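As C-alpha cells, the structure follows; a few thoughts come after it.
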Amino acid sequence: MTRQQDADGDSDALPYLQCVPYARQVSGIGIYGDALTWWDQAAGRYARGRQPRVGAVMSFRPYGGMELGHVAAVSRIIDSRTVLLRHANWSPINGRRGQIEKDVRAVDVSPENDWSEVRVWYAPIADLGTTRWPVNGFIYNEKPRKNERLTVLASAGAAAPARVPLMARAEPARGAPGRSAPGRSEGGIGADFLKGIVSESRAAQTPASRRPARQNLATSAPRTAPARTTSTRLAGSDSDPIGRIIAARMR
Numbered sequence: 013m014t015r016q017q018d019a020d021g022d023s024d025a026l027p028y029l030q031c032v033p034y035a036r037q038v039s040g041i042g043i044y045g046d047a048l049t050w051w052d053q054a055a056g057r058y059a060r061g062r063q064p065r066v067g068a069v070m071s072f073r074p075y076g077g078m079e080l081g082h083v084a085a086v087s088r089i090i091d092s093r094t095v096l097l098r099h100a101n102w103s104p105i106n107g108r109r110g111q112i113e114k115d116v117r118a119v120d121v122s123p124e125n126d127w128s129e130v131r132v133w134y135a136p137i138a139d140l141g142t143t144r145w146p147v148n149g150f151i152y153n154e155k156p157r158k159n160e161r162l163t164v165l166a167s168a169g170a171a172a173p174a175r176v177p178l179m180a181r182a183e184p185a186r187g188a189p190g191r192s193a194p195g196r197s198e199g200g201i202g203a204d205f206l207k208g209i210v211s212e213s214r215a216a217q218t219p220a221s222r223r224p225a226r227q228n229l230a231t232s233a234p235r236t237a238p239a240r241t242t243s244t245r246l247a248g249s250d251s252d253p254i255g256r257i258i259a260a261r262m263r
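Residue numbers for the sequence shown follow this note's numbering, beginning at 13 and rising by one.
Below, the structure is given as C-alpha cells:
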C-alpha cells in the first residue's frame with residue numbers, strides 16, 4: 013500500500029478513521045505523525061512511564077504487519093495487569109476497517125509486569141488476540157518530570173563525540189607511532205644526560221698522572237713592563253702639607 017499523508021501528517025490517508033487522530037482527540041495529547049513516532053516525539057514534551065493511567069496513551073511498537081505502530085487511550089484500570097482501551101482501526105467490524113472500539117480489554121503478558129507486551133481484544137474472534145504486541149510504554153498528558161528531561165538531554169549529548177583538550181594529549185615522538193624515541197624518556201630528558209658528570213669520590217680516586225694539568229695563570233701569562241709614572245709636583249706643595257701628602261702618593 014502506498015503511503016500518503018493527511019493534513020495532520022498521519023500516513024495512509026484513507027477513507028476510514030485512523031488510530032492517531034482518535035487517540036489525539038480522546039487523550040488531549042497534541043502529537044502528530046505516524047503512531048510509531050509518538051514515543052520519541054513525546055520525549056521532553058510529555059511525561060512517559062511504564063504504568064497505565066486513565067487518559068494515558070499506550071504506545072505500540074511496529075510489529076509484524078503493523079508497520080506504523082499503534083496508539084490507544086486508557087479508559088479504565090481493572091487490575092495490575094488489565095486495562096480497558098479506547099482506540100480506532102484495530103478490529104474490522106462488520107467487515108469494515110477504521111471502526112472505533114470503546115472499553116475493550118488489554119492484558120499485560122510481560123514476565124516482569126512492566127507492560128512491555130500486551131494482548132488486545134480482537135472483535136472477529138470475540139476474545140483476546142493471540143499476538144503478544146510489544147509496547148514502548150505510556151504517554152501521559154502532563155509535562156515531563158525534571159529528572160526525565162535531564163535524561164533526555166544526557167542521551168542527546170552522548171551521541172556527540174567527546175572533545176579531548178589539546179593540552180591533555182601526549183605528543184608522541186616522531187618515528188614509530190605511540191613509542192618514545194630510543195634513549196629518551198617520555199619527559200623529554202635523554203637517558204644519557206648524566207654521562208659527563210663525575211662524582212666527587214671518583215674525582216678523588218683519579219691518579220694525579222691522569223688528571224689534567226692545571227695551568228698557572230700567574231706564570232703562563234706574559235710579563236709586561238710596568239708602566240712608568242711621572243711624578244707630578246704640585247705647585248705650592250712645599251708650603252702646603254696636604255699638597256705634600258697628595259704628591260707623595262702620586263709618585
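By construction, the Cβ of each residue, glycine as well, lies at the ideal position given by its N, Cα and C atoms. This structure is a prediction, so every number in the text was calculated from the model and none was measured.
Per DSSP, the unbroken alpha helix (DSSP H) holding ARG36 starts and ends at 31 to 39. The C-beta distance from TYR28 to ARG109 rounds to 5 Å, short enough to fall under 8 Å. Listed in chain order, the beta strand (DSSP E) runs fully inside the stretch 87 to 150 are 94 to 100, 112 to 120 and 129 to 134, counting runs of at least 3 residues.
Residue range 50 to 54 is occupied by the alpha helix (DSSP H) that includes ALA54. Residue range 59 to 61 is occupied by the beta strand (DSSP E) that includes GLY61. Between the stretch 149 to 156 and the stretch 50 to 63, the count of Cβ pairs shorter than 8 Å is three or higher; the stretches touch. In the displayed model, ALA47 falls within a helix according to three-state DSSP.
Proximity of the stretch 123 to 142 to the stretch 36 to 49 falls short of the contact definition, fewer than three beta-carbon pairs being nearer than 8 Å. Cβ-Cβ distances below 8 Å link ASP115 to SER87, ARG88, LEU96, LEU97 and ARG98 in the same chain, with the five nearest sequence neighbours on each side left out; the list follows chain order. Between GLN63 and PHE150, the gap from beta carbon to beta carbon is short of 8 Å.
A residue is called buried once 16 or more other Cβ atoms fall within 10 Å of its Cβ, and SER71 is buried on that count. DSSP links ALA68 through a beta bridge to no other residue.
Looking at SER128, ARG144, THR94 and ILE137, the one whose alpha-carbon comes closest to that of GLY107 is ILE137. Relative to the Cα of TRP50, the nearest Cα in the group LEU80, GLU113, TYR134 and GLY67 belongs to LEU80. In this structure, the CA atom of VAL147 is about 24 Å from the CA atom of ILE105. In this structure, the CA atom of VAL66 is about 8 Å from the CA atom of ALA85. With respect to ALA47, TYR152 sits apart: the two C-beta atoms are not nearer than 8 Å. Here GLU129 is near ARG144, since their CB atoms are less than 8 Å apart. In the DSSP assignment, the residues bridged to TYR75 are MET78.
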